Ligand SMILES: CC(C)(COP(=O)(O)OP(=O)(O)OC[C@H]1O[C@@H](n2cnc3c(N)ncnc32)[C@H](O[C@H]2O[C@H](COP(=O)(O)OP(=O)(O)OP(=O)(O)O)[C@@H](O)[C@H]2O)[C@@H]1O)[C@@H](O)C(=O)NCCC(=O)NCCS
Ligand SMILES: Nc1ncnc2[nH]cnc12
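Residue numbers (our numbering): 582 to 871.
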């Protein structure tokens, strides 16, 4: 008889998806040099954020992601019951984040985007292409959550002022910034031999070229948004972050966005969503894949 069972217990689907979501958030935070965002070099345009806080915040969200995936497995269809279950879990996740960060909003948009994607992935783990997962996530995002409070969030204020519908619309449209910008650029830069960190930076820049980031609009208005979109395009046009002239443009963009207080927090969340879907597509998530 053995005193100890040394065999590791296999991970459940929900454990695995929560691990992947937290990994994606930590990889996004660590990626450097990101324009005006928190990274390994510093706090970008933020006075109340730092890398340690981003890591702690990401880890605090693991139980919420796991619970969302478990709800998907238990309810097993895209309906209002599942939408309202993940709404409640998402709000509890926000509270866990705020407790960890002492009230600073580190990952509200990421809880929304990655929460929907984790739920959508868990619903049908055999159907794990980015197209299939984002389509299910969009169907969920289109359902009403009758229990959702309607606060005058930064996103809601920006919607009133500029008509940009932000994170909600991005999800309801099936994450076009991820499918049409982030993922294709990530794959292109990898295929061109640019190296993983440069490929991720290029994916972030590709997202920034077109996104109506409500975080930037709230902090820096249309001037900030134009600077973000045009500056990101200029880096890619100069050869991307693996090239010397692209790096010079990236440095300039970083300085310009910091001066405008324009932090592209929404684009950062969508980079994390891109990294999550890329990992799911490459490794799979059905039992036996881990
Ligand atoms: C549907 C919700 C996302 C709420 O959306 P809404 O737009 O009303 O609320 P916001 O509080 O503004 O949060 C939206 C966050 O989404 C990110 N984002 C911005 N633009 C886009 C975009 N075009 N596409 C996708 N994502 C986008 C962004 O998050 C990042 O920025 C955050 C920091 O922003 P902010 O609080 O404005 O902070 P500062 O500028 O630093 O302010 P100061 O503190 O300095 O004053 C950071 O968190 C990043 O993550 C937007 O902020 C959704 O949240 C919701 O309804 N939740 C309820 C729960 C639920 O139903 N969950 C469903 C299950 S998953
Ligand atoms: N790296 C980052 N810096 C600032 N805000 C963010 N929101 C999500 N990721 C972020």
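Ideal placement from N, C-alpha and C gives every residue a C-beta, glycine not left out. The structure displayed is predicted, hence computed values, not measured ones.
Secondary structure at residue i, three-state DSSP: helix, strand or coil?
i	result
residue 866	coil
residue 823	coil
residue 637	helix
residue 779	helix
residue 728	coil
residue 608	helix
residue 573	Nothing can be reported for residue 573: it is not among the residues displayed for the chain, which extend from 582 to 871.
residue 844	coil
residue 768	helix
residue 613	coil
residue 757	helix
residue 712	helix
residue 744	coil
residue 632	helix
residue 662	helix
residue 582	The pLDDT assigned to residue 582 is 49, lower than 50, so where the model puts this residue is not dependable; a value taken from the coordinates is nonetheless given after this. Note: residue 582 maps to coil in three-state DSSP.
residue 548	Here the chain has residues from 582 to 871 only, and residue 548 is not among them.
Nearest CA to the CA of residue i: which residue from the options?
i	options	result
residue 644	836, 808, 600, 628	600
residue 706	597, 841, 835, 819	597
residue 669	778, 687, 652, 684	652
residue 702	717, 690, 694, 841	717
residue 605	831, 860, 866	860
residue 721	790, 693, 840, 858	693
residue 820	775, 800, 711	775
residue 748	691, 704, 822	691
residue 625	726, 867, 617	617
residue 787	817, 799, 804	817
residue 791	813, 783, 779, 802	813
Between which two residues does the alpha helix (DSSP H) harbouring residue i extend?
i	result
residue 624	Looking at the DSSP string, residue 624 is not in any alpha helix (DSSP H), and its letter there is neither H nor E.
residue 686	Run containing residue 686: none; DSSP gives neither H nor E here.
residue 644	643-656
residue 791	Run containing residue 791: none; DSSP gives neither H nor E here.
residue 808	795-818
Compute the distance between the beta-carbons of residue i and residue j, then report whether it is under 9 Å.
i	j	result
residue 579	residue 834	Only positions 582 to 871 of the chain appear in the structure, and residue 579 is not among them; the question remains open.
residue 763	residue 796	no
residue 650	residue 610	no
residue 595	residue 698	no
residue 733	residue 685	no
residue 781	residue 620	no
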